[in-house]
Amino acid sequence: MAAKLPKDVRKTIRFILDGEIVELRNCDPTRTVLQYLREDLQRVGTKEGCAEGDCGACTVVIGELVSVPDGLQLRAINSCIQFLPTLDGKVLFTIESLAAESGELHPVQQAMVECHGSQCGFCTPGFVMSLFALYKSAAHPDRREIDNALAGNLCRCTGYRPIVDAARKMYDYHSTENKDKSSWLSVPGSTVLDELSVTEAQQVDKLRSIAATGTLHLEFDGKQYYAPDSIEELAALLRQNPDACILSGGTDIGLWVTKQHRHLASVIYTGNIQSFKQISVSASHLTIGAGAPISDVMPMLSQYFPELDELFLRFASPPIRNAGTLGGNIANASPIGDSMPVLIVLGAELLLRSGDNNRVIALDDFYLDYQKTALARGEFVQEVRIPLPATDATVRTYKLSKRFDQDISAVCAAFSVAFNENIVTNVRIAYGGMAAIPKRAVKCELALLGKQWDDAGILEAVSALDRDFAPLTDMRASDGYRRNAAANLLRRFYIDSKQGETLTNVYHYGR
Ligand SMILES: Cc1cc2nc3c(=O)[nH]c(=O)nc-3n(C[C@H](O)[C@H](O)[C@H](O)COP(=O)(O)OP(=O)(O)OC[C@H]3O[C@@H](n4cnc5c(N)ncnc54)[C@H](O)[C@@H]3O)c2cc1C
Ligand code: FES
Ligand code: FES
């Protein structure tokens, strides 16, 4: 049943493509941007490889107005799992958008040609769009930044060196675009335009004219899609429609549709709610809006918990992190989600909301069983509150997966231990991939608390850890591997803590 809506509800989506405002009425809420581009517009430059966010062949760039600082923010995303109505109020750049009308190639394309960055060409549009996002955000990226920007793009025939060469060379070409630097923009830690051409500046004006304000409501073939612009409206819509699917970044939900062919009868999209993405810091806490994309969360976490840098750099790829949110990661309740073990050991809490009612719950108490959380019907995660680090605690997190980049964990471990004269005074340990939910290793913690932080203590803790979990065998790892890996990560943490090493010491991008 359709929910009761405010009077100023909108029934069309508007976005900008090639400088023109596109207006769509009656579009299918779960049609992907990729399907729309290839099947409706015959813009077939954007390719479909995997249809699950893994290969990057479908990469496009979207631009969005941001208020702090005032400007346009560009992000590469995977169009294969992004639903079409989420383009509302944004500008879309595809591979066809880059060359000038005269046919002159964009510097990224020119560099790919001259560095022989393409063989069969299937992956090339995706690489070019990821490089376009990099080109617009970094003036002189180093190898690590280049590798990171390309972590979500797979090429099976060219090899990566010529593409990396192109990433370096693209800055050598002077685009003939008339630059207008009055609109320089900068948002720390994410992909933003550093410089706007006149046409891009005009797009900003057009974007202002199609700002996604008010509530959007689409109906198509029995499917309902709502996109409120305030948390209050989100709460009201969910109250009326408690079985609706909350859609944030869609990096999990997109696959329900493209891979599992699930029919989503009612969807409430949170991406138009600016206050849902806010991140703030108080004397005691970092507070992260549930709708904040992982790419925005990373620099803030990095500032307060630099030990977590590698974990979040290895969280999927930039296009997934640009769309996927922290709230979505937590609420999806996957036993192998990466943010949860560390947030549990840091003592994070969630602000949950239902209608006008709020409650706070420790993340530790949020997971009840496999993909089952403490969320009541119609309730949602509004904020994640993370206590700022205690000065005496040593925190580390380790992710084990088959590939370094763009892979889901087989085991993910997080540790926070405080000592007084080598006696453990406080300890929290949590693992992902070891149980049906992300879970603390309570027996292991008890074995360590109050004991010497030494070889004998760790030996006892390892044996207690074995009693904490009964992991499964699945396609990522066997139960035996998981048990061994969990124990070895505890040993590794012990050695690192003794040597005062940080995880970044073992981080070797660009070998
Ligand atoms: C190629 C690929 C690689 C990935 N790699 C990783 C990885 O390395 N590590 C990792 O942890 N994850 C990974 N993921 C999973 C996914 O990207 C993350 O879980 C992401 O954080 C989900 O956020 P989202 O906003 O996209 O969630 P969505 O897909 O929008 O939603 C996920 C679930 O959460 C619910 N939900 C969303 N927001 C809220 C809210 N505020 N309140 C209540 N419920 C809500 C939705 O209803 C849905 O059930 C990967 C996914 C893909 C496709
Ligand atoms: S088609 Fe592979 S990431 Fe989209
Ligand atoms: S050029 Fe063929 S897959 Fe990359």
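Heads up, the sequence shown is in this note's numbering, so the first residue is 2 and it goes up one at a time.
We put the CB at the ideal spot given by N, CA and C, even for glycine.
In this text, all values refer to a predicted model and were calculated from it rather than measured experimentally.
Measuring from the CB of Ala152, is there a heavy atom of ligand 2 at a distance below 8 Å? Locating residue 152 in the sequence shown gives position 151, where the first residue counts as 1. Because no heavy atom of ligand 2 lies under 8 Å away, the Cβ of Ala152 does not count as near it: no.
Among Tyr136, Ser138, Gln83 and Cys158, which residue has its Cα nearest to the Cα of Gly118? On the sequence shown, residue 118 is found 117 positions in, with the first residue counted as 1. Closest by alpha carbon: Cys158.
How about Leu35 and Glu49: do their beta carbons lie closer than 9 Å? Looking up residue 35 in the sequence shown gives position 34. Looking up residue 49 in the sequence shown gives position 48. Closer than 9 Å, so yes.
Coarse secondary structure for Ala293, derived from DSSP in three states: Your numbering for residue 293 matches position 292 in the sequence shown. Three-state result, Ala293: coil.
Using three-state DSSP, classify Cys81 as helix, strand or coil. Taking the sequence shown and counting its residues from 1, one reaches residue 81 at position 80. Of the three classes helix, strand and coil, the one that applies to Cys81 here is coil, per DSSP.
Does the beta-carbon of Leu194 have 16 or more other beta-carbons within 10 angstroms, so that it is buried, or is it exposed? On the sequence shown, residue 194 is found 193 positions in, with the first residue counted as 1. Residue placement at Leu194 is flagged as unreliable, the pLDDT there being 43, under the threshold of 50; a coordinate-derived value is accordingly withheld.
Enumerated in chain order, which unbroken segments of the beta strand (DSSP E) with a length of 3 residues or greater are wholly contained in the segment 358-386? 358-363 and 368-370
Beta-carbon proximity list for Ala375, same chain, < 7 Å, skipping 5 on both sides: Counted from its first residue, the sequence shown places residue 375 at position 374. Cβ within range, chain order: Ile362, Asp366, Phe367 and Leu369.
Nearest-angstrom Cα separation, counted from Gly215 out to Asp9: Against the sequence shown, residue 9 aligns to sequence position 8. Against the sequence shown, residue 215 aligns to sequence position 214. In a straight line, the C-alpha of Asp9 is about 6 Å away from that of Gly215.
Counting C-beta neighbours from all protein chains within 10 Å, is the total for Leu235 16 or more, i.e. buried, or is it exposed? Reading the sequence shown from its first residue, position 234 is the one you call residue 235. Buried: at least 16 other Cβ atoms inside 10 Å.
Any idea what DSSP makes of Val10, helix, strand or coil? Within the sequence shown, numbered from 1, the residue matching residue 10 stands at position 9. Residue state, collapsed to three classes: coil.
Where does Met476 land, buried or exposed, given buried means 16+ other C-beta within 10 angstroms? Mapped onto the sequence shown, residue 476 falls at position 475. Classification for Met476: exposed.
Any idea what DSSP makes of Phe123, helix, strand or coil? Your numbering for residue 123 matches position 122 in the sequence shown. Coil at Phe123, not helix or strand.
Contact criterion: CB-CB distance below 9 Å. Does Arg144 meet it with respect to chain D? Looking for chain D here will not work: only one protein chain is present.
Just to confirm my understanding: we take Arg429, look at its own chain, exclude 5 residues before and 5 after, and list those with CB closer than 6 Å. What are they? By 1-based counting over the sequence shown, the position of residue 429 is 428. The residues are Val346 and Ser417.
From Tyr270 to Val23, what does the alpha carbon distance come to, in whole angstroms? Here residue 270 refers to the residue found at position 269 of the sequence shown. Here residue 23 refers to the residue found at position 22 of the sequence shown. Cα-Cα distance, rounded: 20 Å.
What is the rounded straight-line gap between the Cα of Leu6 and the Cα of Glu380? Along the sequence shown, one-based indexing puts residue 6 at 5. Along the sequence shown, one-based indexing puts residue 380 at 379. For Leu6 and Glu380, the distance between alpha carbons rounds to 19 Å.
Note down, in chain order, each residue of its chain lying with its Cβ closer than 8 Å to the Cβ of Thr259, except the 5 sequence neighbours on either side. Taking the sequence shown and counting its residues from 1, the one referred to as residue 259 is at position 258. The answer, listed in chain order, is Thr33, Ala52, Glu53, Cys81 and Ile82.
Would you mind listing the beta strand (DSSP E) stretches within the segment 34-75 that are 3+ residues and don't spill past its ends, in chain order? 60-67
Do you know whose CA, among Glu384, Gly90 and Leu450, lies nearest Glu461's CA? In the sequence shown, the residue the question calls residue 461 occupies position 460. With distances taken between Cα atoms, Glu461 lies closest to Leu450.
Considering Ser464, what are the terminal residues of the alpha helix (DSSP H) in which it resides? Here residue 464 refers to the residue found at position 463 of the sequence shown. Membership of Ser464 in the alpha helix (DSSP H) is indicated by the continuous run Asp456 to Asp469.
Ala213: which of Ile387, Gln225 and Ser231 sits nearest, CA to CA? Residue mapping note: residue 213 aligns to position 212 of the sequence shown, counting from 1. Ranking Ile387, Gln225 and Ser231 by Cα distance to Ala213 puts Ser231 first.
Quick one, which of Ser340, Arg483 and Ala134 has its alpha-carbon nearest Val109's? Position 108 of the sequence shown, counted from the start, is the residue given in the question as residue 109. It is Ala134.
Less than 9 Å separating the beta-carbons of Thr398 and Leu309? The residue labelled residue 398 in the question sits at position 397 within the sequence shown. The residue labelled residue 309 in the question sits at position 308 within the sequence shown. Contact: yes.
Is Ile17 buried or exposed, if buried means 16 or more other CB atoms sit within 10 Å of its CB? Sequence index remark: in the sequence shown, residue 17 carries index 16 (1-based). With 16 or more other Cβ atoms within 10 Å, it is buried.
Please check the pair Ala465 and Ala448, which I expect to be a contact at CB under 8 Å, by giving their CB distance rounded to whole angstroms. What you label residue 465 is simply residue 464 of the sequence shown in a count that begins at 1. What you label residue 448 is simply residue 447 of the sequence shown in a count that begins at 1. Confirmed, about 4 Å.
Cα separation between Leu38 and Glu97? As a working mapping, residue 38 is identified with position 37 in the sequence shown. As a working mapping, residue 97 is identified with position 96 in the sequence shown. Cα to Cα, the separation comes out at about 11 Å.
So what does Tyr399 bridge to, in DSSP terms? Stepping through the sequence shown from its first residue, residue 399 is reached at position 398. Its beta-bridge partners are Ala414.
Tell me the rounded alpha-carbon separation between Gly348 and Gly250. Within the sequence shown, numbered from 1, the residue matching residue 348 stands at position 347. Within the sequence shown, numbered from 1, the residue matching residue 250 stands at position 249. Straight-line Cα distance between these residues: approximately 25 Å.
Say yes only if the C-beta of Ser119 is nearer than 8 Å to one or more non-hydrogen atoms of ligand 3, and no if none qualify. The residue labelled residue 119 in the question sits at position 118 within the sequence shown. Answer for Ser119: yes, Cβ within range of ligand 3.
Say the cut is 8 Å; is the CB of Phe367 nearer than that to a heavy atom of ligand 1? As a working note, residue 367 is residue 366 in the sequence shown. No, the Cβ of Phe367 stays beyond 8 Å of every heavy atom of ligand 1.
Have a look at Cys124 and Ala419 and give me their C-alpha separation to the nearest angstrom. In the sequence shown, residue 124 corresponds to position 123, counting from 1. In the sequence shown, residue 419 corresponds to position 418, counting from 1. If I take the Cα positions, the gap works out to 48 Å.
Cβ of Gly90 within 9 Å of Cβ of Arg15? To locate residue 90, count along the sequence shown from 1; it is residue 89. To locate residue 15, count along the sequence shown from 1; it is residue 14. Yes, the pair counts as a contact, with Cβ atoms nearer than the cut-off.
Check this for me: beta carbons of Pro30 and Leu219, under 9 Å apart or not? One-based indexing of the sequence shown puts residue 30 at position 29. One-based indexing of the sequence shown puts residue 219 at position 218. Yes; because the gap between Cβ atoms is below 9 Å, this pair is in contact.
Contact between the segment 402-415 and the segment 424-439 (3+ Cβ pairs under 8 Å): Yes, the segment 402-415 touches the segment 424-439.
Coarse secondary structure for Gln500, derived from DSSP in three states: As a position in the sequence shown, residue 500 is number 499, starting the count at 1. Correct three-state label for Gln500: helix.
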